[in-house]
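The structure is reproduced here in structure tokens:
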């Protein structure tokens, strides 16, 4: 389940939150058609009045910092080469920057199905996974391990995908920052759907990028759609990646509700009578966590050596 989980969770972790004091916002998916050859082509001039990528990120960050609660419904579709189409659908709830609840259902082809649910509070992180390999498994991650993973995320400069730890950036700003490192992003066009503006961002893979493709072809182009309100960018509502002109992955936000009533006590994971084990007792999770912590340790050691070498040369 590691590969399949990382395909949807990495995107979920950096998504949707928005303005306080707003009515619930219903976001019909803009679902724009990709450019005729989304894997190639010279960049066209941005439309009149288009914000820069830096301006989009800054505005989204402002909204994220002001938000109180968010609920969203999303779905994704991943085309695995010579394999089944992998689809997910589910919900995300966020209360401030401390409480998160993600519930996803997954299916691949005709017969493979799974579920993944995560609840995080300041006290701990609980997960429920259902998949053909391990059946139904419930785990608990201590706040100490959560802190280690968050520190590792900062060290590596990436979302480690272990817990929903980017509630401070759920509108999509963190996802745009991450994509900008790999793709040469620019606002390409403006769409109007049901009376609302959308900025369409496209970008080719930067030369020399060696990022892992996680079981998929290396994407050579990305497309992101940002919903705008009257006072500026509001939220990322679509992200798609392409390889050789074919869409290999797409994630769409179907509904977002902002600042609706939400209480801390609702962030619970029902074990349904099942035994809850420590996360390090679950081999797939333990392997992933150890890998992240080891990579962060090696990077700290490399950074320390580099700093020492620089000091010696002075």
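In the numbering used here, the protein residues as written are 3 to 316.
Just so it is clear, CB atoms sit at the ideal spot from N, CA and C, and this is done for glycine as well.
As the structure is a computational prediction, the values presented were derived from the model and not from experiment.
Residue burial classification, residue i (beta-carbon count within 10 angstroms, cutoff 16)
| i | result |
| --- | --- |
| residue 154 | buried |
| residue 69 | buried |
| residue 136 | exposed |
| residue 258 | buried |
| residue 230 | buried |
| residue 149 | exposed |
| residue 71 | buried |
| residue 43 | Low local confidence applies: a pLDDT of 46 at residue 43 is under 50, so the model's placement there is unreliable, with the coordinate-based value given in what follows. Residue 43 is exposed by the Cβ-count criterion. |
| residue 205 | buried |
| residue 221 | buried |
| residue 262 | exposed |
| residue 248 | exposed |
| residue 306 | exposed |
| residue 267 | exposed |
| residue 90 | buried |
Nearest-angstrom Cβ-Cβ length linking residue i and residue j, presumed shorter than 8 Å
| i | j | result |
| --- | --- | --- |
| residue 271 | residue 175 | The pair is not a contact, with the Cβ atoms about 28 Å apart (cut-off 8 Å). |
| residue 110 | residue 88 | 5 Å |
| residue 208 | residue 185 | 6 Å |
| residue 264 | residue 151 | At roughly 25 Å, the Cβ-Cβ gap does not stay under 8 Å, so residue 264 and residue 151 are not in contact. |
Contact check, residue i vs residue j, beta carbons under 8 Å
| i | j | result |
| --- | --- | --- |
| residue 235 | residue 228 | yes |
| residue 107 | residue 92 | yes |
| residue 273 | residue 140 | yes |
| residue 298 | residue 158 | yes |
| residue 251 | residue 237 | no |
| residue 120 | residue 178 | no |
Extent of the continuous alpha helix (DSSP H) to which residue i belongs
| i | result |
| --- | --- |
| residue 285 | 285-315 |
| residue 148 | 145-158 |
| residue 199 | No alpha helix (DSSP H) contains residue 199, which is instead part of the beta strand (DSSP E) from 198-207. |
| residue 177 | 175-184 |
| residue 65 | 55-68 |
Range covered by the beta strand (DSSP E) that runs through residue i
| i | result |
| --- | --- |
| residue 102 | 101-110 |
| residue 258 | 248-260 |
| residue 126 | 126-133 |
| residue 320 | Any property of residue 320 remains undetermined from this structure, which presents the chain solely from 3 to 316. |
| residue 243 | 234-245 |
| residue 225 | 223-231 |
| residue 74 | 71-81 |
| residue 266 | Per DSSP, residue 266 belongs to no beta strand (DSSP E) and is neither H nor E. |
| residue 117 | 114-122 |
| residue 281 | Looking at the DSSP string, residue 281 is not in any beta strand (DSSP E), and its letter there is neither H nor E. |
- prompt: Quick one: any contact between the region 109-117 and the region 126-143, if contact means 3 or more CB pairs under 8 Å?
  reply: yes
query: Does the count of Cβ pairs from the region 246-256 and the region 64-78 closer than 8 Å reach three?
result: As far as the Cβ criterion goes, the region 246-256 touches the region 64-78, which means the pair count is three or higher.
Stretch-stretch touch, CB-based, cutoff 8 Å, three pairs: the region 181-194 with the region 46-53: yes
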